[in-house]
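Participant: Take this structure first; my questions come after.
Residue numbers (my numbering): 319 to 559.
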């Protein structure tokens with residue numbers, strides 16, 4: 319059991335470091351002796367879950383992709399009942415999304431039953447600066463990490479309301495952190511309004527949202543939606559433990 323715990327701990331260290339590390343970095347982060355780390359890593363290499371580069375650094379192996387894809391599908395399965403209750407209550411589309419690298423990927427959606435509705439294809443990838451789910455997730459990260467991400471991706475303008483200034487965006491993140499929710503005021507798609515909350519204590523950086531035409535996403539709806547969204551995110555977090 320101890321070896322399994324240590325092996326998964328090393329994989330998590332590698333993931334947190336961006337997927338590529340050296341033995342000394344693994345030792346510093348894990349606190350394990352180098353011989354122990356070398357033995358565990360060699361086993362992971364033999365199994366295909368870790369690969370050694372010519373630089374002698376270790377990277378997460380391709381065999382983990384299958385596990386990750388299956389895990390993402392299961393996240394969608396677990397989220398759907400919570401999203402469906404939100405749709406039943408408010409009539410608008412409900413979504414779950416994850417920060418994957420520098421992008422937001424939508425993992426699950428239950429659609430509104432209105433003929434005019436917000437539709438986001440599961441698997442769609444967008445940049446986080448122009449979405450409520452992206453803002454909700456980034457509001458939980460250290461500000462230097464957020465600024466580095468924005469420097470890498472840029473802040474392209476999609477609509478007239480897209481925020482393209484880092485300082486203005488940072489102010490919005492501080493507000494989202496204080497309020498517990500984030501808004502997208504037609505910043506990804508004109509005429510669409512979205513409210514999102516982070517999923518607390520989740521194994522991945524997740525957020526849940528409600529989205530719809532701006533005319534139906536009124537302040538009154540938001541007032542009632544935020545507490546239920548927060549409750550749904552907490553319930554999903556409990557399911558993932």
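Where is the CB? At the ideal position from N, CA and C, for every residue including glycine.
Is the Cβ of residue 389 closer than 8 Å to any Cβ of chain C?
Facilitator: You won't find chain C in this structure, because it holds only one protein chain.
Participant: Does the pairing of the segment 477-496 with the segment 415-435 give three or more beta-carbon distances under 8 Å?
Facilitator: no
Participant: Kindly indicate which three-state DSSP category residue 330 falls into: helix, strand or coil?
Facilitator: As a first step, residue 330 is located in the chain shown; it is residue number 12 there, counting from the start. It is helical.
Participant: Going by DSSP, what residue range makes up the alpha helix (DSSP H) through residue 420?
Facilitator: Against the chain shown, residue 420 aligns to sequence position 102. Counting along the chain, residue 420 falls outside any alpha helix (DSSP H), and DSSP gives it neither H nor E.
Participant: Which whole-angstrom value describes the C-beta separation of residue 395 and residue 412, a residue pair presumed to lie in contact below a C-beta threshold of 8 Å?
Facilitator: On the chain shown, position 77 is the one that residue 395 refers to. On the chain shown, position 94 is the one that residue 412 refers to. Residue 412 and residue 395 do not touch by the CB rule: their CB atoms are close to 15 Å apart, not below 8 Å.
Participant: Could you name each continuous alpha helix (DSSP H) segment of 4 residues or more that falls completely within the segment 456-484, going from the start of the chain to the end?
Facilitator: Within the segment 456-484, the complete alpha helix (DSSP H) runs of at least 4 residues are 461-471.
Participant: In angstroms, rounded to a whole number, what distance separates the CA positions of residue 342 and residue 352?
Facilitator: As a working mapping, residue 342 is identified with position 24 in the chain shown. As a working mapping, residue 352 is identified with position 34 in the chain shown. So the two alpha carbons sit approximately 8 Å from each other.
Participant: Under a Cβ-count criterion, where at least 16 other Cβ atoms within 10 Å of its own Cβ denotes burial, should residue 516 be classed as buried or exposed?
Facilitator: By 1-based counting over the chain shown, the position of residue 516 is 198. Per the 10 Å Cβ criterion, buried.
Participant: Please look up how many angstroms separate the CB atoms of residue 510 and residue 531, rounded, as I've assumed it's under 8 Å.
Facilitator: Counted from its first residue, the chain shown places residue 510 at position 192. Counted from its first residue, the chain shown places residue 531 at position 213. Sure, about 7 Å apart at Cβ, within 8 Å.
Participant: Could you check whether residue 448 and residue 407 sit closer than 8 Å to each other, using their CB atoms as the reference points?
Facilitator: One-based indexing of the chain shown puts residue 407 at position 89. One-based indexing of the chain shown puts residue 448 at position 130. Not in contact: residue 407 and residue 448 (Cβ atoms no closer than 8 Å).
Participant: When you compare each of 487, 461 and 404 to residue 549 by their alpha carbons, which one comes out closest?
Facilitator: As a working mapping, residue 549 is identified with position 231 in the chain shown. Measuring from the Cα of residue 549, the nearest candidate turns out to be 404.
Participant: Using only alpha-carbon positions, find the residue among 524, 471 and 458 that is nearest to residue 498.
Facilitator: For the purposes of this step, residue 498 is identified with residue 180 of the chain shown, where counting begins at 1. Comparing Cα positions, the closest option is 458.
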